[in-house]
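This report refers to the structure that appears directly beneath it.
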Amino acid sequence: MSLEVQQLSFRYGKRNIFEKITFSLEEGNMLALLGPNGTGKTTLLKSLCGILRPYEGESRLMGSNLLKMDIKKRAKLVAYVPQNTNNTFPMRVIDAVLMGRKPFQRFGVTKEDEQKAFEILRKMELEDFAFKNINEMSGGERQRVFIARALCQEPELLLLDEPTSSMDLKNQLRTMALVRKLVDEQKLSVIVSIHDINLSAMYCDKFLMLHQGSIFACGSDEEVLKKEHIESVYGVAVAMEVMEDIRHMVLKKI
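In structure tokens:
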């Protein structure tokens, strides 16, 4: 077992954001974090990577308690990519990706760091952008740069917060396919917060649906992506179809 989360709870002041979140994720698997806005998806990701501190519970990666690790050690194990990557300083793409090597550096950037950064750029199909100003890129391209930076940390667990939200349809598929390939090749564990249920069904192994601060359903696509679950959590009428062994949601008019 790669990641085990037990009874994780978080609140802002007296307002509970989520309570008693318990789930596990195997090495080399990709979990879709689903639910409407305001259900705590981003807060959960930030709690797992140490940006926020839950008031209760624990999360263990490969047996080690993430909440008790020092920052540098945790940064070698967990990488987080936020949804909003618009506010960036002018810099070359290669320099942005090299920032992912910070946890491993003692005396600045090494030749090995540069080799790793270019290797990741190739895997994310960004090598042609290496020396381009990151602020001259589209939102979708920039998001892929930040995923590349996270991968440069060589994490065991990658957390992605709505990584395809600023992408057109083709780049959504391209990015998810690239991440899926890395999951399979490197046995990464990935949690991706995502609104597109159909996109998640194409690439993810496991699904966790949040509703009103708690887990509504967790498991395989057959266990979670059910008509009655989606209608209860999202408040919309849907039909579910299976095409090429993948479940697809069809929205009905309001």
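In terms of our numbering, the sequence shown is residues 38 to 291. Beta carbons: idealized from backbone N, C-alpha and C, even for Gly. None of these values were measured; they are calculated from a predicted model.
| Which one of Thr76, Thr201 and Arg111 has the shortest CA to CA distance from Tyr240? | Taking the sequence shown and counting its residues from 1, the one referred to as residue 240 is at position 203. Comparing C-alpha distances from Tyr240 to each of Thr76, Thr201 and Arg111 shows the shortest one belongs to Thr201.
| task | Note down, in chain order, each residue of its chain lying with its Cβ closer than 7 Å to the Cβ of Asn74, except the 5 sequence neighbours on either side. | result | As a first step, residue 74 is located in the sequence shown; it is residue number 37 there, counting from the start. Spatial neighbours of Asn74 in its own chain (CB-CB distance under 7 Å, excluding positions within 5 residues in sequence) are not present.
| field | Beta-bridge pairing of Tyr240 - partner residues as DSSP gives them | value | Reading the sequence shown from its first residue, position 203 is the one you call residue 240. Beta-bridge pairing links Tyr240 to no other residue.
| Classification of Phe144 by the beta-carbon crowding that lies within 10 angstroms, buried from 16 upward | For the purposes of this step, residue 144 is taken as the residue at position 107 of the sequence shown. By the neighbour-count criterion, in which a residue is buried when 16 or more other Cβ atoms sit within 10 angstroms of its Cβ, Phe144 is exposed.
| said: As a quick exercise: from Val229, Gly272 and Gln209, pick the residue whose alpha carbon is nearest that of Leu194. | reply: As a working note, residue 194 is residue 157 in the sequence shown. Measuring from the Cα of Leu194, the nearest candidate turns out to be Val229.
| What runs of the alpha helix (DSSP H), each 4 residues or longer, lie entirely inside the stretch 83-151? | Complete alpha helix (DSSP H) runs here, min 4: 108-112 and 130-135.
| message | With the cut-off set at 8 Å, would you say Ile171 and Ala238 are in Cβ contact? | response | Stepping through the sequence shown from its first residue, residue 171 is reached at position 134. Stepping through the sequence shown from its first residue, residue 238 is reached at position 201. No, these two residues do not count as a Cβ contact at 8 Å.
| Boundaries of the beta strand (DSSP E) in which Met280 is found, first to last residue | Position 243 of the sequence shown holds residue 280. Judged by DSSP secondary structure, Met280 falls within the beta strand (DSSP E) whose first and last residues are Val275 to Met280.
| task | Return the CA-CA distance between Thr59 and Glu41, expressed in angstroms with no decimal places. | result | Residue 59 sits at position 22 when you count from the first residue of the sequence shown. Residue 41 sits at position 4 when you count from the first residue of the sequence shown. Taking the straight line joining both Cα atoms gives about 8 Å.
| Can you tell which of Gln44, Val275 and Pro91 has the C-alpha that lies nearest to the C-alpha of Lys290? | Position 253 of the sequence shown, counted from the start, is the residue given in the question as residue 290. Ranking Gln44, Val275 and Pro91 by Cα distance to Lys290 puts Val275 first.
| field | Leu68 to Thr147 span [Cα, whole Å] | value | As a first step, residue 68 is located in the sequence shown; it is residue number 31 there, counting from the start. As a first step, residue 147 is located in the sequence shown; it is residue number 110 there, counting from the start. If I take the Cα positions, the gap works out to 34 Å.
| Limits of the alpha helix (DSSP H) - the one that Asn208 falls within | Start at 1 with the first residue of the sequence shown, and residue 208 comes out as number 171. For Asn208, the enclosing alpha helix (DSSP H) begins and ends at Leu206 to Gln223.
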